[in-house]
Each structure stands twice: as structure tokens, then as C-alpha cells.
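**Q** For reference, the structure I am asking about is given below.
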């Protein structure tokens, strides 16, 4: 796979696509979304964007064999070396985007918006460190 020319813009595009999925397909009724299928899709999309951003500023993927899966703990350790304060937001983004939305399809509007906010903060943090590395 060829490297992305601007992985931060790509990560932001993933987050934008997640929001678009929610607004166009998930349907909102009051404080809840109506279709867990699209909430799951949006959560997975946003989480993949977070991973793209993290891969741009860490060596996590370079340190594992291609057939191995990267564990969240690998990202936690890599982030802790750069900025220990970001380990909690990363853990929160993992739980909210990947688990609560991606797997569970949590329909709560507040939880979904909080999860997307967590993802956005990780991407913004990665953008800062990506610029510093350039």
C-alpha cells in the first residue's frame, strides 16, 4: 500500500464521512438515532480516521508484522511516549467510537456526538505532531 500524501486530511475526511452517514442515513428522532446499522457504520468510519491519524505520528504499524493485528495498547504506549495526557482521550475515543458505536450501535445522540468529538480531538492532536515532524 502506498503512503498517503496527507494522512491528516485523510483522517479528517473519514470524520466528515462519518458525520455525513449520520445526517443522511441514520435518521434522528429527538435525542436518538433510528438506525443502528448506520450508527455502526459511522462509528467504524470515524475510528478508522483516528487510526489513520495515529499511524501518521507513531511507528506502531511499522513495528508489527503484516499478519499481526495492532492492539489498542500498542497505540496507548506510543502515545504515552509523546504526550501522556492524550492516553485518556485515546482510550475514550477507542471505547466510544470503536466499541459503543462501531460494535454496539448506541443510538444516543449525545453519546454519538461525544464520540465524534473524541475522535476529532485525537486527529487535531495528531495534526499538530504531524506538522512538527515535517
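Residue numbers (my numbering): 243 to 376. We put the CB at the ideal spot given by N, CA and C, even for glycine. Keep in mind the model is a prediction, meaning the values are calculated, not measured.
(1) Between residue 366 and the ligand NAD, is there a pair consisting of the residue's CB and a ligand heavy atom that are separated by less than 6 Å?
(2) Which residues does DSSP pair with residue 265 in a beta bridge?
(3) Would the beta-carbon of residue 319 fall within 7 Å of that of residue 287?
(4) Name the one or two DSSP bridge partners that residue 372 has.
(5) Determine, using beta-carbon pairs with one atom in the region 320-328 and one in the region 271-288, whether at least three such pairs fall under 8 Å.
(6) Report back the beta-carbon spacing between residue 348 and residue 302 to the nearest angstrom; my notes put them in contact at under 8 Å.
(7) For the putative contact between residue 351 and residue 248, defined by C-beta atoms under 8 Å, what is the C-beta separation to the nearest angstrom?
(8) Find out if the Cβ-Cβ distance for the pair residue 322, residue 368 is shorter than 7 Å.
(9) Just how far apart, CA to CA, sit residue 315 and residue 336?
(10) Please classify residue 290 as buried or exposed, where buried requires at least 16 other C-beta atoms within 10 Å of its C-beta.
(11) Determine the DSSP secondary structure at residue 271, reduced to helix, strand or coil.
(12) What residue from 365, 296 and 261 has the CA that sits closest to residue 355's CA?
(13) Please return the same chain residues whose Cβ sits closer than 7 Å to the Cβ of residue 362, not counting the five positions on each side in sequence.
**A** The structure says:
(1) Ligands in the displayed structure: none, and consequently the ligand NAD is not present.
(2) The residue you call residue 265 lines up with position 23 of the chain shown. Partner(s): none; residue 265 has no beta bridge.
(3) To locate residue 319, count along the chain shown from 1; it is residue 77. To locate residue 287, count along the chain shown from 1; it is residue 45. Contact: no.
(4) For the purposes of this step, residue 372 is identified with residue 130 of the chain shown, where counting begins at 1. Per DSSP, none; premise fails for residue 372.
(5) no
(6) Position 106 of the chain shown holds residue 348. Position 60 of the chain shown holds residue 302. About 27 Å; that fails the 8 Å criterion.
(7) As a working note, residue 351 is residue 109 in the chain shown. As a working note, residue 248 is residue 6 in the chain shown. About 31 Å; that fails the 8 Å criterion.
(8) In the chain shown, residue 322 corresponds to position 80, counting from 1. In the chain shown, residue 368 corresponds to position 126, counting from 1. Cβ atoms of residue 322 and residue 368: not closer than 7 Å.
(9) In the chain shown, residue 315 corresponds to position 73, counting from 1. In the chain shown, residue 336 corresponds to position 94, counting from 1. Approximately 11 Å between the Cα atoms of the pair.
(10) Counting from 1 along the chain shown, the entry for residue 290 is found at position 48. That one is buried.
(11) What you label residue 271 is simply residue 29 of the chain shown in a count that begins at 1. Strand, per DSSP.
(12) Reading the chain shown from its first residue, position 113 is the one you call residue 355. With distances taken between Cα atoms, residue 355 lies closest to 261.
(13) Residue mapping note: residue 362 aligns to position 120 of the chain shown, counting from 1. Result list for residue 362: 257, in chain order.
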